[in-house]
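First comes the structure, then the notes that go with it.
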Amino acid sequence: MYIRKTVPISKMLRWTRGHIIGFLLLALVPVFLYDILGLTWLHVPWLPLSVVGTAVAFIVGFKNNASYDRLWEARKIWGGIVNASRSFTIMVRDFVQDDQLPADELKSIHREMVHRHVAWLTALRYQLRTVRQWENKRASPANKRFRGVVVNILESDVPCREAIAQYITQTELKDVFEKENQASQLLGIQSARIKELRQRNLVGAYEHVAIEQALSELYALQGKSERIKNFPYPRQFATLNYMFVWLFIFLLPYGVMEEFEKIGDHIISEHPAHESARAGLHALWVFMGKHFVWFSIPFSATVSWVFYALEIVGE
Amino acid sequence: MYIRKTVPISKMLRWTRGHIIGFLLLALVPVFLYDILGLTWLHVPWLPLSVVGTAVAFIVGFKNNASYDRLWEARKIWGGIVNASRSFTIMVRDFVQDDQLPADELKSIHREMVHRHVAWLTALRYQLRTVRQWENKRASPANKRFRGVVVNILESDVPCREAIAQYITQTELKDVFEKENQASQLLGIQSARIKELRQRNLVGAYEHVAIEQALSELYALQGKSERIKNFPYPRQFATLNYMFVWLFIFLLPYGVMEEFEKIGDHIISEHPAHESARAGLHALWVFMGKHFVWFSIPFSATVSWVFYALEIVGE
Amino acid sequence: MYIRKTVPISKMLRWTRGHIIGFLLLALVPVFLYDILGLTWLHVPWLPLSVVGTAVAFIVGFKNNASYDRLWEARKIWGGIVNASRSFTIMVRDFVQDDQLPADELKSIHREMVHRHVAWLTALRYQLRTVRQWENKRASPANKRFRGVVVNILESDVPCREAIAQYITQTELKDVFEKENQASQLLGIQSARIKELRQRNLVGAYEHVAIEQALSELYALQGKSERIKNFPYPRQFATLNYMFVWLFIFLLPYGVMEEFEKIGDHIISEHPAHESARAGLHALWVFMGKHFVWFSIPFSATVSWVFYALEIVGE
Amino acid sequence: MYIRKTVPISKMLRWTRGHIIGFLLLALVPVFLYDILGLTWLHVPWLPLSVVGTAVAFIVGFKNNASYDRLWEARKIWGGIVNASRSFTIMVRDFVQDDQLPADELKSIHREMVHRHVAWLTALRYQLRTVRQWENKRASPANKRFRGVVVNILESDVPCREAIAQYITQTELKDVFEKENQASQLLGIQSARIKELRQRNLVGAYEHVAIEQALSELYALQGKSERIKNFPYPRQFATLNYMFVWLFIFLLPYGVMEEFEKIGDHIISEHPAHESARAGLHALWVFMGKHFVWFSIPFSATVSWVFYALEIVGE
Amino acid sequence: MYIRKTVPISKMLRWTRGHIIGFLLLALVPVFLYDILGLTWLHVPWLPLSVVGTAVAFIVGFKNNASYDRLWEARKIWGGIVNASRSFTIMVRDFVQDDQLPADELKSIHREMVHRHVAWLTALRYQLRTVRQWENKRASPANKRFRGVVVNILESDVPCREAIAQYITQTELKDVFEKENQASQLLGIQSARIKELRQRNLVGAYEHVAIEQALSELYALQGKSERIKNFPYPRQFATLNYMFVWLFIFLLPYGVMEEFEKIGDHIISEHPAHESARAGLHALWVFMGKHFVWFSIPFSATVSWVFYALEIVGE
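So, in structure tokens, the structure goes:
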């Protein structure tokens, strides 16, 4: 997570460098056709296009809203895991108790349970970092560049098994990695271990159920984070948004050019009315009016970039 | 669920092939009337139409939002079933216990309970796959084509009873299929079975209630998935959206044609001002200006397709 | 609830028949004044009107969203009642038990409890079907016609008391109808009955509390459905929406007419430029241009109908 | 709460009488300056204004949505209090029991608890009716007039202490009013009283905790209603909305006037083209065209009123 | 929190003083270039700009909605802490009890627990007031000025340790400040202390679990408030919004100027048509028309301010 107040604009621009050039080229095409090749009939009426633009802005806005909600929900789940971990820790410490047992043996039981919980946290973290097929963004060079600078994620270097090994016994480690979902396996072991403690009467019946429910809660939180991870924004929506934005970006320069051409005509027709200047200046004016469409290039590129950035930010 | 990053555009286009042709024909109608039959008075003012367009975009956007929320809720319920199943499994394993009972008898009880739970999952899955009357999409040829390629769903081939048979006894199977809602029946059997175990003192009073509450939770999740399944997006909203989009699509070509006609007039009137070209080129220009409305066809079809795709994606 | 894929358009049109005629008349007024009485100065500028139109679309969109949320919440509550009923049934069956009691006596207790639960469901259903003052829609002829065809609701024919009588004893029936909220009374009896069973030791202390909490849940669900029923969409919002939509519908024809008039002028002025046709045709053209505003009538009526349908669908 | 289907429009108009006159005066200003004082250069371009208008409509729409959500949440909390009260009542009646105690003594305990609960409800109601500083609307004459007609709220006449006195003993009353939050005090007494009953063994340990949790729930509901009461829609948002709406209302007449002026010009220029009428009529036409801006007054006032009503309805 | 009905406009204007001047200067630039330096070709077409404006308004509206939701959630959490504290207090008082123990010893235990709870509240408050890196607003002079006038927050003056010292023993204080998260430490001590009371049999097994669950709830609330504190509105969204608003503010004056220029031309061309006035007045008129663009400065600044205020209010 980025924690500076704003991502510096320069970094933003550098990051989208390639696309900005692309937008400039896209905006150049109609101007080239119109002003160099003389296809002066090249026009797309702006007004219908503006309805498309509004619709696209609307849809992308909805999508970003949904993205934000997902992000927020993910954050909530993570916060829930932190809270549940804290609660689980005090439960283990204060529910598992016995007057007969020597204090350090009790302590070693507590430590074992807490360590296994840390192992669960670790397994879950690794699970959530696995790359999915639809997250091919992460592999793009632009993103790699970005990532290289900003963060250095542990999970890329140490394999999961090694990271977990320090928290549980060798036997458990083997059992856990024999089946598929490691995090689930670990919670299963916790539950089995608590049952043992219950049978040895270190936990009361009522406390047993309370801890079991805490484990249910952890299962629920694990399931929720897996859900967020495995269920991307529905691809058909995402695809349509993507196509609409690009469709708009492709049509935009033609519509914008038309508006600039109108201004160009206006400059030519109006100029003499303003001041009867020298012929040279007049010629310059006329020249400017005729080729005013060139100014549509930076304008189109800017608007394209705005829509593109909107589309991309929610991914 | 589709898991590639984006549905390829080519597939998207192929899928909506029929409609694209339809939109082109719709857009052709006013151009034909105007330019071939000479009904030059054929006009719909664009500005009021654009308000309709904005309103439609807005409404369809809301609808898609609601669709997405439904999808997301469905996913949540499914995730909830996964979590509840995991919790139920450890509960059965660690709450149903007895020091006197031989280990393998205890194990067979556990297995029986878990198998019956799998039977419940299977019954629920079948229930949710039944086709409802308002889901006639699924039967359309376009959809069938789409489905044939992408997925091969098990439920179409094996009948439900057969699929469940392997998880429960013959007597239970008969009982379950005598009444209507199989999934509910199965949970009822689970509850009855737990009561027996309680009477044999294999489960404590407190643990009994905890498992019973887990069964309540499963009932709740089943009910929720049935609700999502049986309660489509309210038909009166859906119908109106559908009509608005088509109304807009029908009117659109007339409004767009008008805008293109304006540009055509502009081309004719402005041309001499640009360059005193040869007569041939001039004639071409005038010809182009007069028939410029033909360019409105692809434009209208594109906008129609955008609105249609928006409408259809949420279904 | 309507379960066909879409409400057929013909039904929709027939249902709003009266209004469509009204909209045509409303749209006729300005055309009549303008073209027959010659009040050619009759104009409302379209652009400010379009901002009003956008605002109205926006507000009505929000309202429909809220309506949909209410509908969805109502559906959720109903689903919740189904789930809670299933859970309550297995709880009664599996928590109320005793080894000494003969099986059929136990069964009759179970049946009694479940029947009383059905009585509660019935009472609740009747309560929710009572007509409220602000629901005067239901009494309108259009709605009656609609309803007569589609549904035949039981509650209109059999009085509530009679419907409940079959599920509970005469004494209870009398008690329940002596006070006001029948559904609440029934839950109260359930609770008292469970206390008795607890005193006879047919229910454990722990199970007693669990059933009591299930009753709390039923109270909560009853309360929620009463809330949805008794708390309509806030009237001040509804009234404003209603007024805005009608205000827009009243102003709309004037604004639309202006746009059509512009097109009319355009037809007249431009015509000779297109082709020097015969005088007769020319006269026709001029006639068409002069009276082009008549085409605004169907257009206005269509747009009015869109906004009206939007407003009405959420009610 | 208003329960008629719609607030009658006449009442609505009467209620906003003062503002409507204000809007007419505001709309008169630019017309006066333009047409009487001859400041014909007085113009604000409509198009940028329309973006402001759309933005304002959007923001106010969001605000009204938030208002509605608050209203709905308040209603939910109130419904929750009703449900929790019903549950609490059956809990007290069916959990507090003893075979040894004479029936009427038990009954008097039940009655005492329920009465104290009613006292809590009363105290809470009074608390929520206290006027807050930011609710100065309530004191405005328009509102008073409105209120006088429609409702006659009890709390204005009987002091809180008196209203509660009938439900609890004098000693408790004194204790409760010695500290600040009466409702909280009352729940505290309930809890202490239940503890006593627990010590006298009239309540089981398990039932004790269940009732205690019901009290927690009541605390939560009380806290939620206090929150809704004490946390208005954030003032900085409200202020901005307020300013934007007024800014738009102030600028609106200038922009609208410009549009009407254009129509006026159009009437003058076009008139001869329509019919070569008598000079008198022609003069009338020209007069009308020149002073057409006067028609902008009712139009501006209407639009202003729409935006103002939207802003005010959410408060 | 601000509790007056509206923040006075004068204060609002004073607060954004600097920016208003900035907006005036920004709006001056194009007018200067156009009217003084004579770069009459300086134009940006308004229509594409208006789509950008609508999109920006939309996006900022969404953001403010999200901000409001966060604020509301924060308020809910705070309300939750209040409720949980009240519940915790009665639980401690009424669950920790013993017939043998002298009344004042029991009371001192209650007091100790409640004091430690207050210590937790204090620690949490301090934690939430720490300044984060992305909240650099707080340090800006404008904000300091604002804050100095309105509030005088205790936490800036008394260090946390001192504030907590009065509620817990010296030993506990030392322990708590040895590790990082003081609030968590304090809840841990509460849990350990309750376990001790359980071992001395002052709390029943069932009550023990109930109090432990109350502590879980407090952990959850603490975690939630930390989450709100530590997870700002995603920076990439915030940055984009910020850039879009400024982009729009920079382009706005050019687009607005164009619209005012059109009006200027209109004034010049139309004037003679209105009245053949004296030459002096006519010259004034022409002068006014030529330099009418100067009026775009206040207009642009106003619109800029509206968008800027919208952007800033959600932060």
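Chains as they are written, first to last, in the working numbering: chain X, 1 to 315; chain B, 1001 to 1315; chain L, 2001 to 2315; chain E, 3001 to 3315; chain U, 4001 to 4315.
Ideal placement from N, C-alpha and C gives every residue a C-beta, glycine not left out.
| Asked | Found |
| --- | --- |
| Suppose contacts are defined by Cβ-Cβ distances below 8 angstroms. Is Thr4054 (chain U) in contact with Val3256 (chain E) by that definition? | no |
| Would you check if the distance between the CB atom of Tyr254 (chain X) and the CB atom of Val60 (chain X) is smaller than 8 angstroms? | no |
| Going by beta carbon distance, what residues of the same chain come within less than 6 angstroms of Ile268 (chain X), once the five residues before and after it are set aside? | Val286 and Gly289 |
| Pick out whichever of U:Ile4090, U:Phe4023 and U:Ala4183 has its Cα sitting closest to the Cα of Leu4128 (chain U). | U:Ala4183 |
| Check Glu4180 (chain U) in the structure and name its three-state DSSP category. | coil |
| In the DSSP assignment, find the alpha helix (DSSP H) that holds Asn201 (chain X) and state where it starts and stops. | Unbroken run through Asn201 (chain X): none, as it is neither H nor E. |
| Counting contacts by CB-CB distance shorter than 8 angstroms, is Met3257 (chain E) in contact with chain L? | no |
| Can you find a C-beta in chain E that's less than 8 angstroms from the C-beta of Ala2139 (chain L)? | With a pLDDT of only 43 at Ala2139 (chain L), under 50, the local geometry of the prediction cannot be trusted, and the value read off the model is given with reservation. Judged by the 8 angstroms Cβ criterion, Ala2139 (chain L) is not in contact with chain E. |
| So Phe23 (chain X) packs on Ala301 (chain X), CB below 8 angstroms; how close in whole Å? | 4 angstroms |
| With 8 angstroms as the limit, tell me which residues of the stretch 3045–3056 of chain E have their beta carbon closer than that to any beta carbon of chain U; keep them in chain order. | Pro3045, Leu3047, Pro3048, Ser3050, Val3051, Val3052, Thr3054 and Ala3055 |
| Can you tell me the Cα-Cα spacing of Asn143 (chain X) and Leu1252 (chain B), whole angstroms? | Interpretation of Asn143 (chain X) is limited by its pLDDT of 47, a score under 50 that renders its predicted location unreliable; the figure taken from the coordinates is listed afterwards. Their Cα atoms are separated by approximately 41 angstroms. |
| Compare the C-beta of Ile3249 (chain E) against all C-beta atoms of chain L and say whether one is closer than 8 angstroms. | no |
| Enumerated in chain order, which unbroken segments of the alpha helix (DSSP H) with a length of 4 residues or greater are wholly contained in the stretch 4015–4088 of chain U? | 4017–4031 |
| Excluding the five sequence neighbours on either side, which residues of its own chain have a C-beta within less than 8 angstroms of the C-beta of Phe2237 (chain L), listed in chain order? | Lys2063 |
| Pull up the distance between the alpha-carbon of Ala3123 (chain E) and that of Arg3161 (chain E), whole angstroms please. | 8 angstroms |
| Which residues, taken in chain order from the stretch 4101–4115 of chain U, show a beta carbon closer than 8 angstroms to some beta carbon of chain E? | none |
| Under the three-state reduction of DSSP, which class applies to His3274 (chain E): helix, strand or coil? | Residue placement at His3274 (chain E) cannot be trusted, given a pLDDT of 48 that sits under 50; what the coordinates show is reported in the next sentence. His3274 (chain E): helix per DSSP, three-state reduction. |
| Mind listing the chain L neighbours of Glu1212 (chain B)? Cutoff is C-beta to C-beta under 8 angstroms, in chain order. | Ile2090, Met2091, Asp2094, Phe2095 and Ala2210 |
| How about Ala3084 (chain E) and Ala3214 (chain E): are their beta carbons less than 8 angstroms apart? | yes |
| Do Gln2185 (chain L) and Lys2179 (chain L) come within 8 angstroms of each other at the CB atom, strictly closer than that value? | yes |
| Name the residue from U:Gly4018, U:Lys4174, U:His4266 and U:His4115 whose alpha carbon lies nearest to the alpha carbon of His4291 (chain U). | U:His4266 |
| For Ala3309 (chain E), which of E:Ser3010, E:Thr3016 and E:Lys3011 has the nearest alpha-carbon? | E:Thr3016 |
| Given 8 angstroms as the limit, is there contact between the stretch 2197–2216 of chain L and the stretch 3078–3097 of chain E, that is, 3 or more CB pairs closer than that? | yes |
| Exposed or buried, which one is Lys2224 (chain L) when buried takes at least 16 other CB atoms within 10 Å? | buried |
| Taking the straight line between their C-alpha atoms, what separation do you get for Gly3158 (chain E) and Pro3030 (chain E)? | A small fix is needed here, since residue 3158 (chain E) is Val in this sequence, not Gly. If I take the Cα positions, the gap works out to 53 angstroms. |
| Just to make sure I have the definition right: I need the residues of chain L whose C-beta is within less than 7 angstroms of the C-beta of Arg3086 (chain E). Which are they? | Ser2184 and Tyr2219 |
| I'd like to know whether the C-beta of Gly1223 (chain B) is nearer than 8 angstroms to at least one C-beta of chain X. | no |
| Taking the alpha helix (DSSP H) that Trp4294 (chain U) belongs to, which residues open and close that run? | Looking at the DSSP string, Trp4294 (chain U) is not in any alpha helix (DSSP H), and its letter there is neither H nor E. |
| How far does the alpha helix (DSSP H) with Asp104 (chain X) in it reach, from first residue to last? | Ala103 to Arg129 |
| Helix, strand or coil for Ile1168 (chain B)? Go by DSSP, reduced to three states. | coil |
| Run through DSSP, which three-state label would Val1096 (chain B) get? | coil |
| Quick one: grab the DSSP three-state call for Ser304 (chain X). | helix |
| My understanding is that Phe1088 (chain B) touches His1117 (chain B), with C-beta atoms under 8 angstroms, so please give their C-beta distance in whole angstroms. | 6 angstroms |
| What did DSSP end up calling Tyr3219 (chain E) once you bin it into helix, strand or coil? | helix |
| Using a C-beta to C-beta distance shorter than 7 angstroms, which residues of chain L count as neighbours of Val3082 (chain E)? | Gly2223 |
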